[in-house]
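2 protein chains.
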Amino acid sequence: MNTRAALQHAERLCKQRQARLTPQRRRVLQLVIEADKPIGAYELLEQMRDGERRPAPPTVYRALDFLLEQGLIHRIESLHAFIGCAHAGTRHTSQFLVCTDCGQVEEVCTADLGKTLQQEVQRSGFLPSRPVIELLGLCQDCNKRTY
Amino acid sequence: MNTRAALQHAERLCKQRQARLTPQRRRVLQLVIEADKPIGAYELLEQMRDGERRPAPPTVYRALDFLLEQGLIHRIESLHAFIGCAHAGTRHTSQFLVCTDCGQVEEVCTADLGKTLQQEVQRSGFLPSRPVIELLGLCQDCNKRTY
DNA sequence: AAGGTGTTGTTACTTTATAACACCCGGGTC
DNA sequence: GACCCGGGTGTTATAAAGTAACAACACCTT
Ligand SMILES: [Zn+2]
Ligand SMILES: [Zn+2]
Ligand SMILES: [Zn+2]
Ligand SMILES: [Zn+2]
Numbered sequence: 003m004n005t006r007a008a009l010q011h012a013e014r015l016c017k018q019r020q021a022r023l024t025p026q027r028r029r030v031l032q033l034v035i036e037a038d039k040p041i042g043a044y045e046l047l048e049q050m051r052d053g054e055r056r057p058a059p060p061t062v063y064r065a066l067d068f069l070l071e072q073g074l075i076h077r078i079e080s081l082h083a084f085i086g087c088a089h090a091g092t093r094h095t096s097q098f099l100v101c102t103d104c105g106q107v108e109e110v111c112t113a114d115l116g117k118t119l120q121q122e123v124q125r126s127g128f129l130p131s132r133p134v135i136e137l138l139g140l141c142q143d144c145n146k147r148t149y
Numbered sequence: 003m004n005t006r007a008a009l010q011h012a013e014r015l016c017k018q019r020q021a022r023l024t025p026q027r028r029r030v031l032q033l034v035i036e037a038d039k040p041i042g043a044y045e046l047l048e049q050m051r052d053g054e055r056r057p058a059p060p061t062v063y064r065a066l067d068f069l070l071e072q073g074l075i076h077r078i079e080s081l082h083a084f085i086g087c088a089h090a091g092t093r094h095t096s097q098f099l100v101c102t103d104c105g106q107v108e109e110v111c112t113a114d115l116g117k118t119l120q121q122e123v124q125r126s127g128f129l130p131s132r133p134v135i136e137l138l139g140l141c142q143d144c145n146k147r148t149y
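So the protein lines, in turn, are chains C and S. Mapping of the first sequence onto this note's numbering: position 89 corresponds to residue 91, and the numbering continues sequentially without gaps. Mapping of the second sequence onto this note's numbering: position 57 corresponds to residue 59, and the numbering continues sequentially without gaps.
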């Protein structure tokens with residue numbers, strides 16, 4: 003999905019939910035999507051720089067909080083960075099394949115994995131709310147390049 | 003496993019591997035184990051305080067790096083904290099059930115989950131090195147208490 | 001107009017983590 | 001012993017990531 007389509011999709015979703023995708027929030031979303039890989043909050047701030055002036059951290063963190071709540075982006079815990087959601091608007095539990103070499107991250111949804119987790123969780127009485135599943139390693143390209 | 007046994011186990015392992023579990027590293031390991039829940043680097047530093055003097059951050063981070071390398075502790079990414087490994091010395095891929103209410107964390111090893119991940123990974127050509135699997139939610143006790 | 005709610009701007013600060021350099025100690029080598 | 005070398009430690013300073021608190025504003029409702 004290209005940037006334009008993703009943004010339009012986001013706008014539709016927010017309209018449906020009566021959530022306000024303000025210009026500022028939209029801009030942050032656009033930057034995250036265009037980065038096409040995990041991008042940190044301070045990197046976003048740099049890209050939002052206007053001449054001498056750079057917005058203060060809360061500006062971007064508030065936008066990111068909104069986008070996270072709306073499920074338009076994900077946070078990659080092991081990288082302290084954010085990435086556009088590949089399935090915005092759908093209920094999904096995703097896993098992230100994080101390449102430690104090139105930095106690329108792929109969002110995958112393995113149904114079986116969700117089921118297995120549910121089973122484990124039911125057995126132990128744990129009630130999950132937010133799963134964090136990240137696999138650090140080498141993507142196919144970087145793996146090939148190693149030979 | 004109690005603290006004393008865990009420390010003895012750690013010493014045996016390091017001896018086998020010719021890794022140096024120095025007094026300082028041992029002390030940090032002891033503090034992590036005794037905490038019995040995730041503990042942050044700066045919290046450890048406070049506990050290492052000797053009168054007025056508190057060690058500088060690199061002191062504890064270096065010890066933590068060693069303990070991580072030796073597989074004696076785990077890092078909980080979503081908490082920026084560290085916890086003793088419940089299966090030190092064994093090859094294992096573990097998942098962490100993180101209670102967002104009481105802060106307790108349980109380390110579980112679900113074999114099926116490891117298999118499912120391997121399958122997914124093989125399909126996509128991704129070569130995993132470090133899995134980060136954390137389930138945030140409510141532990142059994144806190145869940146019951148909610149009613 | 002008055003009040004309420006939500007968004008933004010701004011300052012200051014906290015928490016988490018690392019770079020860089022000096023020092024020391026132990027083991028081998030000459 | 002003198003020398004070197006490597007790993008571990010102490011120390012200072014700094015980077016990177018995230019938040020509290022308050023003021024200003026915009027928009028909507030009454
Ligand atoms: Zn997603
Ligand atoms: Zn790669
Ligand atoms: Zn473990
Ligand atoms: Zn709990």
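Beta carbons: idealized from backbone N, C-alpha and C, even for Gly. These numbers come from a predicted model, not from an experiment.
Per-residue burial, residue i [other beta carbons within 10 Å of its own, 16 or more giving buried]
| i | result |
| --- | --- |
| E136 (chain C) | buried |
| H82 (chain C) | exposed |
| A7 (chain S) | exposed |
| Q97 (chain S) | buried |
| E122 (chain S) | buried |
| T148 (chain C) | exposed |
| T118 (chain C) | buried |
| C141 (chain S) | buried |
| R27 (chain C) | buried |
| A65 (chain S) | buried |
For residue i: DSSP bridge partner residues
| i | result |
| --- | --- |
| D114 (chain S) | Beta-bridge pairing links D114 (chain S) to no other residue. |
| G127 (chain S) | The partner list for G127 (chain S) (beta bridge, DSSP) is empty, contrary to what the question assumes. |
| E108 (chain S) | S:L99 |
| R77 (chain C) | C:F84 |
| E136 (chain S) | C:V134 and S:F98 |
Chain S within 8 Å of residue i, Cβ atoms only
| i | result |
| --- | --- |
| I75 (chain C) | no |
| D67 (chain C) | no |
| G42 (chain C) | no |
| S96 (chain C) | no |
| E71 (chain C) | no |
| D103 (chain C) | no |
| R93 (chain C) | no |
| R132 (chain C) | yes |
| T61 (chain C) | no |
| N4 (chain C) | no |
| L99 (chain C) | yes |
| D114 (chain C) | yes |
Interface flag, residue i vs chain C, CB-CB below 8 Å
| i | result |
| --- | --- |
| V110 (chain S) | yes |
| D38 (chain S) | no |
| F128 (chain S) | yes |
| Q142 (chain S) | yes |
| E136 (chain S) | yes |
| E122 (chain S) | yes |
| T24 (chain S) | no |
| L31 (chain S) | no |
| E13 (chain S) | no |
| E139 (chain S) | Note on identity: in this sequence residue 139 (chain S) is Gly, with Glu being the wrong assignment. Yes, G139 (chain S) counts as interfacial toward chain C. |
| L119 (chain S) | yes |
| E54 (chain S) | no |
Contact set for residue i: own chain, Cβ-Cβ below 7 Å, skip 5 residues either direction
| i | result |
| --- | --- |
| A90 (chain C) | H11, A12, L15, G73 and L74 |
| P25 (chain S) | none |
| G42 (chain C) | H82 and A83 |
| L47 (chain S) | R56, P57, P59 and V62 |
| Q32 (chain S) | T5 and L9 |
| D103 (chain S) | L140 and C144 |
| L69 (chain C) | R27, V30, L31 and I75 |
| R77 (chain S) | L70 and F84 |
| A21 (chain C) | Q72 |
Close beta carbons around residue i, own chain, < 6 Å, minus the five adjacent residues each side
| i | result |
| --- | --- |
| M50 (chain S) | P57 |
| G86 (chain C) | V34, I35 and I75 |
| V110 (chain C) | Q97 |
| T95 (chain C) | G116 and P133 |
Own chain residues within Cβ distance below 8 Å of residue i, not counting five before or after
| i | result |
| --- | --- |
| S80 (chain S) | V100, E136 and L138 |
| G105 (chain S) | K39 and P40 |
| A88 (chain C) | M3, S96 and E109 |
Heavy atom of ligand 5 within 7 Å of residue i beta-carbon
| i | result |
| --- | --- |
| D38 (chain S) | In the structure shown, ligand 5 is absent; the only ligands present are ligand 1, ligand 2, ligand 3 and ligand 4. |
- Fully enclosed by the segment 28–71 of chain C, which alpha helix (DSSP H) runs are 4 residues long or longer? You should have 43–49 and 59–71.
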